[in-house]
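Protein chains in written order, with this note's numbering: chain A, 1 to 438; chain B, 439 to 876.
Protein chains: 2
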Amino acid sequence: MMTQDPDRPPPPVRPSLSAVGAKLAGNSGIRVLMEDLGQALTTRADMLMLGGGNPAAVPEVQTLWRRRMRELLDGGSGFDRMLGNYDPPGGNPAFREAFAALLHRSFGWDVQAANVAVTNGTQTAAFFLFNLLGGRSRTADRRRLLLPLSPEYVGYADQVVEAGTFLSCRPLIDWPAGPSARRFKYCLDFEAIEQALRRGDVAAMALSRPTNPSGNVVTQAELNRLVDLAERFGAVLIVDNAYGSPFPGILFEDVHPVFAPHVVNLFSLSKLGLPGARTGIVVAAAPLVADVQAMTAVVGLANGNLGQQLVLPLVESGEILDLGPQRLRPFYLQRSRFAQEVMQREFDAAGLDWALHVSEGAFFHWLWLRGLRVPARELYERLKRRNVLIVPGECFFFGLEQDWPHRHECLRLNYAQEGGVIEQAVRIIAEEAAAASQ
Amino acid sequence: MMTQDPDRPPPPVRPSLSAVGAKLAGNSGIRVLMEDLGQALTTRADMLMLGGGNPAAVPEVQTLWRRRMRELLDGGSGFDRMLGNYDPPGGNPAFREAFAALLHRSFGWDVQAANVAVTNGTQTAAFFLFNLLGGRSRTADRRRLLLPLSPEYVGYADQVVEAGTFLSCRPLIDWPAGPSARRFKYCLDFEAIEQALRRGDVAAMALSRPTNPSGNVVTQAELNRLVDLAERFGAVLIVDNAYGSPFPGILFEDVHPVFAPHVVNLFSLSKLGLPGARTGIVVAAAPLVADVQAMTAVVGLANGNLGQQLVLPLVESGEILDLGPQRLRPFYLQRSRFAQEVMQREFDAAGLDWALHVSEGAFFHWLWLRGLRVPARELYERLKRRNVLIVPGECFFFGLEQDWPHRHECLRLNYAQEGGVIEQAVRIIAEEAAAASQ
């Protein structure tokens, strides 16, 4: 079946890429890192995995999804329809309806099904929104996407077709209990944010809340101020609640999302233990939702139906809101505290100049190693050679107009692993960090 | 929670879109049509649906997927891992391995897991490939995507970020049994194709086989010639086998796909009755597969796992190849023949000047109404008012440099509906077509 003629030169096996292709599939930092992680994982089965963003296996939650699947199988044609029908590109109509009603009951938002669009995961929702709003338009020069707080989620970094669209602000660094407590918190620098908005070319601001990687939660007062600023400067505000409120509720602060006609909220089923179902939800003004759903139709025809069907009755009953407080928050809070205790012990014993971002949500610890003589990326390589996978800080600082040494001093650690894994890994991190410090 | 200040002007609820956004979500023909279809469906429950591309509910196949899901639930941790883990962006490693082995056993192709990437449906695979290859690059002017046979799948039409990238060739029209038999076949016009390739700016050619909408199957000789031409002109050849060989096998001709380093084959689980699982598969040279998988990572992190896990043992055993010959082909062939009989009777009785494309695969009949006084799009509107949904031909002719009256004379009819639906719908089509003909 091979049609190649031995007398002809073989065609190039790697065809030349378009500019768009080179941007979206090029040798970006994240592609190299992902391949590196994948390679390490397949060749080293004993790797201590503090690298990825996979949610933990929480037995009570796994039992719930098993029960739901059996209900679908036993309950008439629901299972067959889930597999056998294309949903409309905006998502399942009953799911959109129920989701809007949930938000109305929970937060009093004036939203209907037309304000809700489903996507194949929140990352895809961000891809759609960033490219809908950012970049050159027919009537304007490049419009920017402003990240009010850097570090921000690495998955955004390469999503915009047009290069150089992101613009980021450094946060202020606060020490809520004094520096000796070794806990810092990033706070929005509103002076810098306003200055960026005054450029007049910001189409949208975006932030994750809780923030991946730092575990920071932008406070309610900060968020309200961002909402006002966005309105004043005619920008859209995109808030990614993938770890946050009202579900999965891996959130240790009492905060909630905010809706307004210029605010877009993203929600995700992944951290409810359903990453394999790829289900994200966009809640926004109806015209923007219509654009998202048109983009789903063009890019992929329709979404996967699995996640929506698994959670639909829990959305209708409101039970989905209980999973965080009852199951996930206690689980992750316990693991967060355990990892903090281990780090305190090991890092102090190693004499490191270290600090952690306060753990306000998500399931990462964000470690700041002051006095590191090598960039975090080099420490990452050394740790990998010792079978510990983490993500180096550099990945999360993009869109900054000036370099910031801080970006070479941080590591993101997934703390959701079992205690033994955390203890082993932290001990090795302490050794390598000490060897690499002044 | 609404933060809007009554003294301030409300922000624009529809923010201005970027050029990329306007292209991918704009008021394209297909968006208008999809909304129109969706609207008609929700307001008219009794609509006779010959419009969409949903596969039929084939009971034996539904039973198979139910059995597989129970196996996953009963078989240890497979179900939990399917829901709870992110797969690598290229797809599940065991699935990729098994899929490559299936192709090796079936066709002797020299492919490994690195030649296989999973995507959230074949339409998304096309989106990735078209934008990887077509459009401006850093070193070249716009590189084109050549459709060697128009009409072609409407879902491709708006997928390329850069406008005007498609270039299409009209086919030759053959009457295999003479015009009085009312059956025609589109044949590749190699003179036109070579002329287009000689422009020197064609990055890739693409075709669906069987062709959606026409049910044409490009012959083995035609395909081999395209493979050679692509190689000679340094172009990639993309063949979308979503309805074809080796599965789902909704294919009434004895043909098979071809592999070469410059050929990309797309496969889909959708027409096996799994459209809700959104699973497409790309088989290509390893570097291009790596680009597709990088694009999955950037656009959506990972794929849904459901489809791969449902079919994995059937791919390993080869049983997936039996579904077409044993279940789907007989089912669709019977429905195709039934619809042809009904049309013959009704259209002849109405005195129409009609012809059908020969039914070689997929589940559409492509009706050519010569002598129609109104464009197909107008006939579509009239039929909709009478509760019959079809897709007008105009949607499928894009990238043609000159208008072609033929594009206003064709309708795509999904023939997979039950007999009673087909009879009612065809009778109404006959009446409306007669009223709109000379």
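Glycine is no exception: its CB is placed at the ideal position from the N, C-alpha and C atoms. No experiment lies behind these values; they were computed from the predicted model shown.
Report buried or exposed for residue i, applying the criterion of at least 16 other Cβ atoms within 10 angstroms of its Cβ.
i	result
V32(A)	exposed
A181(A)	exposed
R96(A)	buried
G51(A)	buried
A615(B)	exposed
R845(B)	buried
P843(B)	exposed
A601(B)	exposed
T603(B)	buried
D174(A)	exposed
E832(B)	buried
E757(B)	exposed
F99(A)	buried
P325(A)	exposed
G529(B)	buried
Q840(B)	exposed
For residue i and residue j, what's the separation of their Cα atoms in angstroms?
i	j	result
L807(B)	P813(B)	10 Å
K271(A)	P248(A)	6 Å
V592(B)	A125(A)	23 Å
L301(A)	L571(B)	21 Å
G653(B)	E798(B)	5 Å
N569(B)	V61(A)	39 Å
I428(A)	D729(B)	35 Å
Y456(A)	Q731(B)	Limits of chain A in this structure are 1 at one end and 438 at the other, which puts residue 456(A) out of reach.
R765(B)	E819(B)	35 Å
H262(A)	P89(A)	23 Å
T577(B)	A19(A)	9 Å
S606(B)	Y156(A)	35 Å
A349(A)	S336(A)	20 Å
L540(B)	P617(B)	42 Å
K461(A)	G135(A)	A query on residue 461(A) cannot be resolved here, the shown segment of chain A reaching from 1 to 438 and no further.
M507(B)	P493(B)	20 Å
A430(A)	L352(A)	8 Å
Q876(B)	K822(B)	21 Å
R446(B)	D189(A)	Residue placement at R446(B) is flagged as unreliable, the pLDDT there being 48, under the threshold of 50; the coordinate-derived value follows with that caveat. So the two alpha carbons sit approximately 25 Å from each other.
Q633(B)	L229(A)	56 Å
P11(A)	G672(B)	Note on P11(A): pLDDT 47, under 50, position unreliable in the model; no value is reported.
P15(A)	A872(B)	51 Å
V696(B)	L567(B)	18 Å
T3(A)	E629(B)	Low confidence applies here, because T3(A) scores a pLDDT of 42, under 50, leaving its location unreliable and the question unanswered by this model.
L207(A)	V217(A)	10 Å
N120(A)	F785(B)	43 Å
F397(A)	V311(A)	35 Å
G718(B)	L149(A)	37 Å
A362(A)	L510(B)	30 Å
S106(A)	A339(A)	33 Å
Y334(A)	G75(A)	Correcting the residue type first, residue 334(A) is Gln in the shown sequence and not Tyr. Cα to Cα, the separation comes out at about 37 Å.
Less than 8 Å between the CB atoms is what I'm expecting for residue i and residue j, so what's the real figure, rounded?
i	j	result
I676(B)	A642(B)	6 Å
A555(B)	P531(B)	A555(B) to P531(B), Cβ: 12 Å. No contact.
A57(A)	D518(B)	7 Å
Output yes if chain C places a C-beta closer than 8 Å to the C-beta of residue i; else output no.
i	result
Y524(B)	The question asks about chain C, but that chain is absent: this structure's protein chains are A and B.
Practice problem: Name, going along the chain, the residues of the region 507–520 of chain B whose beta-carbon falls closer than 7 Å to a beta-carbon of chain A. | Solution: From the region 507–520 of chain B, only M507, R508, L511, F517, D518 and M520 have a Cβ closer than 7 Å to chain A.
Quiz item: Listed from N- to C-terminal order along the chain, which residues in the region 713–726 of chain B have their beta-carbon within a distance smaller than 8 Å of any beta-carbon of chain A?
Solution: Listed by position, the residues of the region 713–726 of chain B near chain A (Cβ gap below 8 Å) are P713, G714, A715, R716, A723, A724, P725 and L726.
Quiz item: When Cβ atoms are compared, which residues of the region 133–150 of chain A fall closer than 9 Å to chain B?
Solution: L133, G134, G135, R136, S137, R138, T139, A140, R142 and R143
Practice problem: Output, in sequence order along the chain, the residues in the region 549–574 of chain B whose CB is closer than 7 Å to any CB in chain A. | Solution: N558, G559, Q561, T562, F565, N569, L570, L571, G572, G573 and R574
Self-check item: In chain order, each beta strand (DSSP E) run of at least 3 residues that lies wholly inside the region 75–158 of chain A
Solution: Those beta strand (DSSP E) runs which fall completely within the region 75–158 of chain A and span 3+ residues are 116–119 and 144–147.
Quiz item: Of the residues that make up the region 384–416 of chain A, which ones have a beta carbon closer than 7 Å to any beta carbon in chain B?
Solution: Going along the region 384–416 of chain A in chain order, one finds no residue with a Cβ nearer than 7 Å to chain B.
Self-check item: Positions along the region 302–332 of chain A whose CB lies within less than 9 Å of some CB in chain B
Solution: A302, N303, G304, N305, L306, G307, Q309 and L310
Quiz item: Could you give the uninterrupted runs of the alpha helix (DSSP H) lying entirely in the region 197–255 of chain A, keeping only those of 4 residues or more?
Solution: With a minimum length of 4 residues, the continuous alpha helix (DSSP H) runs that stay inside the region 197–255 of chain A are 220–232.
Quiz item: Got a sec: which bits of the region 202–232 of chain A sit with their beta carbon under 9 Å from any beta carbon on chain B, in order along the chain?
Solution: Cβ contacts with chain B: A203, A204, N224, V227, D228, A230, E231 and R232.
Self-check item: Uninterrupted beta strand (DSSP E) stretches inside the region 368–422 of chain A (no shorter than 3 residues)
Solution: 410–414
Quiz prompt | Interface positions of the region 680–710 of chain B facing chain A (Cβ-Cβ less than 9 Å), listed along the chain | solution = H694, P695, V696, F697, A698, P699, H700, V701 and S708
Self-check item: Continuous alpha helix (DSSP H) assignments of at least 4 residues falling wholly in the region 248–335 of chain A
Solution: 286–300 and 306–317
Quiz item: Closer than 7 Å, Cβ to any Cβ of chain A: which residues of the region 770–801 of chain B, in chain order?
Solution: none
Self-check item: Within 8 Å of chain A by C-beta, residues of the region 588–613 of chain B in sequence order
Solution: Taking 8 Å as the Cβ-Cβ cut-off against chain A, the residues of the region 588–613 of chain B that qualify are G593, D596, Q597, V599 and E600.
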